[in-house]
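Down below is the structure, laid out as structure tokens.
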Amino acid sequence: MSEKYLSRNFGVTDSHKIEVYLKGNGYSAVRNALKIKPENIIEEIKKAGLRGRGGAGFPAGVKWGFVPKKTDKPKYLCVNADEGEPGTVKDRYIMTHNPHQLFEGIIIASYAVGINTAFIYIRGEYENIAQRLEEALDEARAEGFLGKNIQGSGFNLDVYVHRGAGAYICGEETALLESLEGKRGNPRLKPPFPASVGLFNCPTVINNVETLANVPVIINVGADAFQKTGQKGDGGTRIFGVSGMVKKPGVYELPVGTTLRDIIFKHAGGMKGSRRLKAVIPGGMSAPVLTADEIDVPMDFESLMEKKSMLGSAGIIVIDQETSMVDVLKVVTKFYAHESCGQCTPCRIGNAWIYRIVKRVAAREAGKRDLDTICRLANNMLGKTLCPLGDAAAMPILAIMKKFRTEIESHLEQ
Amino acid sequence: MSPQFSEKALKQVEKIVARYPHKEAALLPVLVLARREFGRIAEEEEKLVAAILGIKPIKVREVVTFYSMLNREKIGKYHIQVCSNISCTVMGAETLLDHIRKKIGIEPGQTTEDGKFSLSTVECLGACEMAPCMMVNEHYYGNLDKKKIDKILDKME
Ligand SMILES: Cc1cc2nc3c(=O)[nH]c(=O)nc-3n(C[C@H](O)[C@H](O)[C@H](O)COP(=O)(O)O)c2cc1C
Numbered sequence: 544m545s546e547k548y549l550s551r552n553f554g555v556t557d558s559h560k561i562e563v564y565l566k567g568n569g570y571s572a573v574r575n576a577l578k579i580k581p582e583n584i585i586e587e588i589k590k591a592g593l594r595g596r597g598g599a600g601f602p603a604g605v606k607w608g609f610v611p612k613k614t615d616k617p618k619y620l621c622v623n624a625d626e627g628e629p630g631t632v633k634d635r636y637i638m639t640h641n642p643h644q645l646f647e648g649i650i651i652a653s654y655a656v657g658i659n660t661a662f663i664y665i666r667g668e669y670e671n672i673a674q675r676l677e678e679a680l681d682e683a684r685a686e687g688f689l690g691k692n693i694q695g696s697g698f699n700l701d702v703y704v705h706r707g708a709g710a711y712i713c714g715e716e717t718a719l720l721e722s723l724e725g726k727r728g729n730p731r732l733k734p735p736f737p738a739s740v741g742l743f744n745c746p747t748v749i750n751n752v753e754t755l756a757n758v759p760v761i762i763n764v765g766a767d768a769f770q771k772t773g774q775k776g777d778g779g780t781r782i783f784g785v786s787g788m789v790k791k792p793g794v795y796e797l798p799v800g801t802t803l804r805d806i807i808f809k810h811a812g813g814m815k816g817s818r819r820l821k822a823v824i825p826g827g828m829s830a831p832v833l834t835a836d837e838i839d840v841p842m843d844f845e846s847l848m849e850k851k852s853m854l855g856s857a858g859i860i861v862i863d864q865e866t867s868m869v870d871v872l873k874v875v876t877k878f879y880a881h882e883s884c885g886q887c888t889p890c891r892i893g894n895a896w897i898y899r900i901v902k903r904v905a906a907r908e909a910g911k912r913d914l915d916t917i918c919r920l921a922n923n924m925l926g927k928t929l930c931p932l933g934d935a936a937a938m939p940i941l942a943i944m945k946k947f948r949t950e951i952e953s954h955l956e957q
Numbered sequence: 003m004s005p006q007f008s009e010k011a012l013k014q015v016e017k018i019v020a021r022y023p024h025k026e027a028a029l030l031p032v033l034v035l036a037r038r039e040f041g042r043i044a045e046e047e048e049k050l051v052a053a054i055l056g057i058k059p060i061k062v063r064e065v066v067t068f069y070s071m072l073n074r075e076k077i078g079k080y081h082i083q084v085c086s087n088i089s090c091t092v093m094g095a096e097t098l099l100d101h102i103r104k105k106i107g108i109e110p111g112q113t114t115e116d117g118k119f120s121l122s123t124v125e126c127l128g129a130c131e132m133a134p135c136m137m138v139n140e141h142y143y144g145n146l147d148k149k150k151i152d153k154i155l156d157k158m159e
């Protein structure tokens with residue numbers, strides 16, 4: 544049996560209520576952590592090899608270490624609950640079934656970095672979950688895990704839910720900050736990094752929901768055990784979201800490094816009906832597509848990078864032989880054309896232009912030269928935008944064009 | 003008549019504003035609240051929110067036009083949002099959208115004459131494991147097929 548660090552209580556009645564959570568030894572990590580020196584907690588998180596679950600996989604402990612210890616400004620924690628990456632559903636499960644484990648992570652991270660205010664930025668569509676979080680926050684406050692002098696430690700923390708209103712780009716960390724400040728979600732130029740100049744120009748940590756929910760686990764089981772569950776420098780489990788043409792779509796918490804084949808065929812039950820596997824997007828839509836014969840890859844950051852794809856948010860999208868890659872390309876390009884914030888010209892113009900061409904491709908009103916234009920435009924976005932959305936669009940588009948060019952060309956010839 | 007917040011909503015605004023070191027940061031949550039109160043955020047609503055937060059109406063306009071959930075036009079009593087993203091497409095979202103179009107007789111972006119339904123196609127709703135999926139107002143519906151859609155929509159008064 545593999546470890547269930549985050550999903551143990553998914554599906555347990557009232558698992559989101561604090562009395563149920565406390566019965567399962569909940570909040571013991573907070574109680575223990577508040578007795579440890581903040582810098583030792585950061586060391587422990589580094590040793591555990593906890594990498595960010597939001598997409599980029601940056602080591603969480605290292606990120607926390609970048610925040611200045613001495614500053615006369617307040618510091619902030621922003622919890623990224625925007626969950627906008629297509630194929631990604633895991634944070635919804637954590638927040639629905641296990642909000643208090645997330646809060647434990649928020650409390651411990653804030654204590655370690657010296658933060659007294661945290662905001663959970665949650666996508667607007669998750670209205671019911673936002674309400675559930677508010678109720679759970681009230682419970683945690685009533686039990687003395689939030690507010691003033693938490694568990695008699697002298698440490699204070701306020702946590703607020705801040706709702707978004709529909710914009711994929713606001714999941715990008717600097718756009719999230721702008722949005723939280725009450726502006727359009729246009730990403731900022733980095734550096735300065737949020738660790739020094741973030742929310743309201745103050746030092747800020749931004750972490751994904753799943754990243755933070757892992758923090759109490761590390762306190763409970765220890766850095767070594769956590770690290771060993773996963774891979775070297777990439778510890779723990781991932782909640783893999785599996786969607787598309789499989790028998791049992793859903794979320795599966797498995798060790799980092801489980802192979803994509805096992806996830807699809809062992810855990811998600813294999814292909815639905817008589818469908819045959821054609822392609823897999825392994826880490827949310829922005830992750831370059833893999834073909835059916837590339838799925839023996841272990842699902843960790845390094846292994847997927849070697850395959851020129853990425854683990855990203857670990858949202859796995861399974862595409863069958865009956866789905867046309869032209870349709871996939873159309874959906875992908877429509878998405879980025881719609882979600883580009885418009886700030887950088889290569890991304891604003893590039894994505895809209897590519898989508899226009901792809902619509903012609905789909906309607907068979909295009910030629911092979913148009914396919915080259917798509918690639919040229921995508922290449923012109925790579926590395927040329929303020930935020931990674933330009934790359935996040937270009938990479939999957941280029942991968943589809945490269946690996947499925949024959950299919951797309953034959954579509955044009957039909 | 004220009005729109006006014008109810009007493010209850012004003013109390014909520016106060017609570018929201020208190021969370022942030024700058025009033026302007028309350029803009030998005032207050033707009034979401036206004037959207038719920040008035041069903042849309044058009045010029046009048048923008049002005050109201052601007053006055054309450056002490057910022058210029060143009061700042062409010064800038065923000066409203068950025069976020070897809072802040073609709074400027076009134077929409078129907080039931081807002082059907084059909085996901086058109088990847089997992090849902092793989093699982094046949096397009097056929098379902100066709101079915102809904104025919105059933106309620108409008109295209110995406112339109113509202114039925116009686117004001118009962120509005121229809122939109124949207125990007126990923128974060129519920130891919132239950133593809134194909136849609137939202138009606140704040141509720142999620144997944145693993146859809148035509149029969150299920152009929153059942154859901156026929157129940158709406
Ligand atoms: C276009 C774009 C969208 C993103 N959307 C999300 C998101 O919805 N949720 C998330 O946690 N991270 C998202 N990210 C990643 C964040 O920028 C950031 O890396 C992350 O929140 C950091 O937290 P972590 O280190 O714990 O993963 C997105 C990045 C980009 C470029």
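Taken in order, these protein sequences are the chains called C and R. Residues 544 to 957 (this note's numbering) are what the first sequence spells out, left to right. Residues 3 to 159 (this note's numbering) are what the second sequence spells out, left to right. In this text, a Cβ means the ideal position worked out from N, Cα and C, and glycines have one as well. Quantities reported herein were computed from a predicted structural model and do not represent experimental measurements.
For residue i, which residues in chain C fall below 7 angstroms Cβ to Cβ?
i, result
"Glu39(R)", "None at all; the shortest Cβ gap to chain C is about 15 angstroms."
"Leu72(R)", "Ala708"
"Glu140(R)", "Glu670 and Asn671"
"Arg21(R)", "Tyr703"
Which bits of chain R does residue i rub up against, with CB to CB less than 8 angstroms?
i, result
"Asp870(C)", "Thr91"
"Val785(C)", "Glu131"
State the beta-bridge partners of residue i as determined by DSSP.
i, result
"Ala661(C)", "Leu620(C) and Val702(C)"
"His81(R)", "Ser120(R)"
"Leu833(C)", "Val823(C)"
"Val138(R)", "Ile82(R) and His141(R)"
"Thr802(C)", "Pro841(C)"
"Pro602(C)", "Arg594(C)"
Would you identify the three-state DSSP class for residue i, choosing helix, strand or coil?
i, result
"Ser571(C)", "helix"
"Tyr564(C)", "helix"
"Asp863(C)", "strand"
"Gly608(C)", "helix"
"Arg891(C)", "helix"
"Leu797(C)", "strand"
"Gln175(R)", "Residue 175(R) lies beyond the stretch modelled for chain R, which goes from 3 to 159, so this question has no answer here."
"Ala129(R)", "coil"
"Lys821(C)", "strand"
"Thr876(C)", "helix"
"Thr67(R)", "coil"
"Pro5(R)", "coil"
"Val785(C)", "strand"
"Gln774(C)", "strand"
"Ile184(R)", "With chain R running from 3 to 159 in the structure shown, residue 184(R) is simply not present."
"Thr556(C)", "coil"
"Ala748(C)", "According to the sequence provided, residue 748(C) is Val. The question's Ala does not apply to it. Reduced to three states, the DSSP call for Val748(C) is strand."
"Thr780(C)", "strand"
"Gly630(C)", "coil"
"Gly858(C)", "strand"
"Gly41(R)", "coil"
Does any heavy atom of ligand 1 sit closer than 7 angstroms to the C-beta of residue i?
i, result
"Pro737(C)", "no"
"Gly598(C)", "yes"
"Gly627(C)", "yes"
"Glu716(C)", "yes"
"Pro759(C)", "no"
"Phe68(R)", "no"
"Lys589(C)", "no"
"Pro734(C)", "no"
"Pro931(C)", "yes"
In chain R, which residues lie less than 9 angstroms from residue i when you measure between Cβ atoms?
i, result
"Lys616(C)", "Those do not exist, as Lys616(C) stays about 10 angstroms from chain R at its closest Cβ, beyond 9 angstroms."
"Lys606(C)", "Residues of chain R passing the Cβ test: none, with the nearest at roughly 23 angstroms."
"Thr528(C)", "Because chain C here runs from 544 to 957, residue 528(C) falls outside it and cannot be looked at."
"Thr866(C)", "Thr91 and Val92"
Going along chain R in order, which residues have a C-beta closer than 7 angstroms to the C-beta of residue i?
i, result
"His559(C)", "What His559(C) touches in chain R: nothing, since even the nearest Cβ is about 17 angstroms away."
"His881(C)", "Glu125"
TODO: Could you tell me whether the region 557-575 of chain C touches the region 704-718 of chain C, using the rule of 3 or more Cβ pairs below 8 angstroms?
DONE: Counting C-beta pairs closer than 8 angstroms gives fewer than three between the region 557-575 of chain C and the region 704-718 of chain C, which falls short of the contact rule.
- [ ] Report yes or no: do three or more beta-carbon pairs, one from the region 813-830 of chain C and one from the region 109-125 of chain R, lie closer than 8 angstroms?
- [x] In short, these stretches do not touch, since the Cβ pair count stays below three.
Task: Segment contact, 8 angstroms Cβ cut-off, at least three pairs: the region 938-956 of chain C with the region 860-868 of chain C - done: Taking 8 angstroms as the limit for Cβ pairs, the verdict is that the region 860-868 of chain C does touch the region 938-956 of chain C.
Open item on the list: Taking 8 angstroms as the cut-off, does the region 656-665 of chain C touch the region 614-626 of chain C (at least 3 CB pairs, one atom from each stretch)?
Closed with: Yes: at least three Cβ pairs fall under 8 angstroms.
Open item on the list: Taking beta-carbon pairs under 8 angstroms, can you tell me which members of the region 704-725 of chain C lie near chain D?
Closed with: Of the protein chains in this structure, namely C and R, none is chain D.
Task: Three-pair Cβ contact test at 8 angstroms for the region 590-604 of chain C versus the region 743-761 of chain C - done: Touching, yes.
- [ ] Assess, as a yes-or-no matter, whether the region 99-107 of chain R is touched by the region 52-69 of chain R under the definition of 3 or more beta carbon pairs within less than 8 angstroms.
- [x] They do not touch, by the three-pair rule.
Open item on the list: Under 8 angstroms: do the region 878-895 of chain C and the region 842-859 of chain C share three or more Cβ pairs, one atom per stretch?
Closed with: Contact fails: fewer than three Cβ-Cβ distances are below 8 angstroms.
Open item on the list: Between the region 752-765 of chain C and the region 637-652 of chain C, can you find at least three pairs of beta-carbon atoms closer than 8 angstroms?
Closed with: Between the region 637-652 of chain C and the region 752-765 of chain C there are three or more C-beta pairs closer than 8 angstroms, enough to call the two in contact.
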